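Number of protein chains: 2
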Amino acid sequence: MPIDRELTPKTKRPPGERCCEPVVYPEVDRVQAIRMAEVAKALGDPIRLQLVDVLRRHAGEVCVCELVPLFEISQPTLSHHLNRLRAAGIVDSERRGLWAYYYVIPDALRELSAWLA
Amino acid sequence: MPIDRELTPKTKRPPGERCCEPVVYPEVDRVQAIRMAEVAKALGDPIRLQLVDVLRRHAGEVCVCELVPLFEISQPTLSHHLNRLRAAGIVDSERRGLWAYYYVIPDALRELSAWLA
DNA sequence: GTATTACATCGACAGAAGTGATTGTTATTG
DNA sequence: CAATAACAATCACTTCTGTCGATGTAATAC
Chain A
227 MPIDRELTPK
237 TKRPPGERCC
247 EPVVYPEVDR
257 VQAIRMAEVA
267 KALGDPIRLQ
277 LVDVLRRHAG
287 EVCVCELVPL
297 FEISQPTLSH
307 HLNRLRAAGI
317 VDSERRGLWA
327 YYYVIPDALR
337 ELSAWLA
Chain B
227 MPIDRELTPK
237 TKRPPGERCC
247 EPVVYPEVDR
257 VQAIRMAEVA
267 KALGDPIRLQ
277 LVDVLRRHAG
287 EVCVCELVPL
297 FEISQPTLSH
307 HLNRLRAAGI
317 VDSERRGLWA
327 YYYVIPDALR
337 ELSAWLA
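Order-wise, the sequence lines are chains A and B.
Everything in the first sequence is counted per this note's numbering, starting at 227 for the first residue and increasing by one.
Everything in the second sequence is counted per this note's numbering, starting at 227 for the first residue and increasing by one.
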């Protein structure tokens, strides 16, 4: 697939002169990139992505035991995935009696979403 | 942080009767989730995220040797990250003489971006 | 009290991933 | 031709990640 922008070819440097100085720089700084990459990494698993999909449209409606049969994984593994989502700041939970209700933290996905758009 | 929706608490099941049937389901199916998770995973590294940030605003302008000094990693490691982005279908490259020009594939991020929004 | 249920934590394991030194490949220069 | 430059590929190493079985904990039911 060709690209639609003009290439700006370089000429070979004279011997001894090292490669090009950078001419462009990232717009997102390092700290921002680390934050967004952490969120992206947490979403980088199909099960976690579907979990977030369920949770953000049914906050407070589903307990963990209802989530387990949605995926072909064991309960400890699901618990682990929820932990990873929590560590990334994407979800949090509330306990009511025997049941735990997870929900997506509002605006947790906003920075990444804005950058992607 | 409390949630703003009403919880729908369950009552304990009678002995022997196993846990709740799922009442809600993901809206994104498995195949879709695998695709998007693959993209998210590739973005789940600060360097790769900044790489995409540079490339999508300067397609065809930067050769790899200009990218190396932007990050504190070796050239083979940068090459490895570019390979991962390519494997995820996010970027592709074109060779011109000694130089390789990477660019972000149009719409490669669209599905994930749309789901996040 | 005991039994049971929902969920978390721990331990272990295989496979994936990030890193760099070294080597290989291709193209340009002289 | 030889020398050099840009980039990719290989190898080795360490750390991280997904998975499950077993165990632990807290709450409810009897």
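Glycine included, C-beta positions come from ideal geometry on N, C-alpha and C.
Being a predicted model, the structure only gives us computed values, none of them experimental.
With a cutoff of 7 Å on beta-carbon distance, Ala263 of chain A and Gly270 of chain B are scored as near each other. Using beta-carbon distances, Val288 of chain A counts as an interface residue toward chain B, with a partner under 7 Å.
Under the three-state reduction of DSSP output, Ser339 of chain B falls in the helix class. In the structure shown, Ser300 of chain B falls within a coil segment according to DSSP collapsed to helix, strand and coil.
The beta carbon of Ala313 of chain A lies closer than 8 Å to those of Ala268 in the same chain, with the five residues before and after it left out. Within the region 303-327 of chain A, the residues whose Cβ lies closer than 8 Å to some Cβ of chain B are Asp318, Glu320, Arg322, Gly323, Leu324, Trp325, Tyr327, listed in chain order. Using a C-beta cut-off of 8 Å, the region 314-329 of chain B makes contact with the region 277-285 of chain B, since at least three inter-stretch Cβ pairs fall below that distance.
Taking the Cα of Leu296 of chain B as reference, the smallest distance to any Cα among B:Leu275, B:Val265, B:Val330, B:Ala334 is reached at B:Leu275. For Asp279 of chain B, the three-state secondary structure derived from DSSP is helix. In this structure, the alpha-carbon of Ala334 of chain B lies about 37 Å from that of Glu247 of chain B. In this structure, DSSP gives Val265 of chain B a helical state, which the three-state scheme calls helix. For Ser339 of chain A, at least one C-beta of chain B is nearer than 7 Å to its own C-beta. Within the region 249-271 of chain B, Val249, Val250, Tyr251, Pro252, Glu253, Val254, Arg256, Ala259, Ile260, Met262, Ala263, Glu264, Ala266, Lys267, Ala268, Leu269, Gly270, Asp271 place their CB atoms closer than 8 Å to a CB of chain A, listed in sequence order. In this structure, DSSP gives Glu320 of chain B an extended state, which the three-state scheme calls strand.
DSSP lists B:Arg321 as the bridge partner or partners of Ala326 of chain B.
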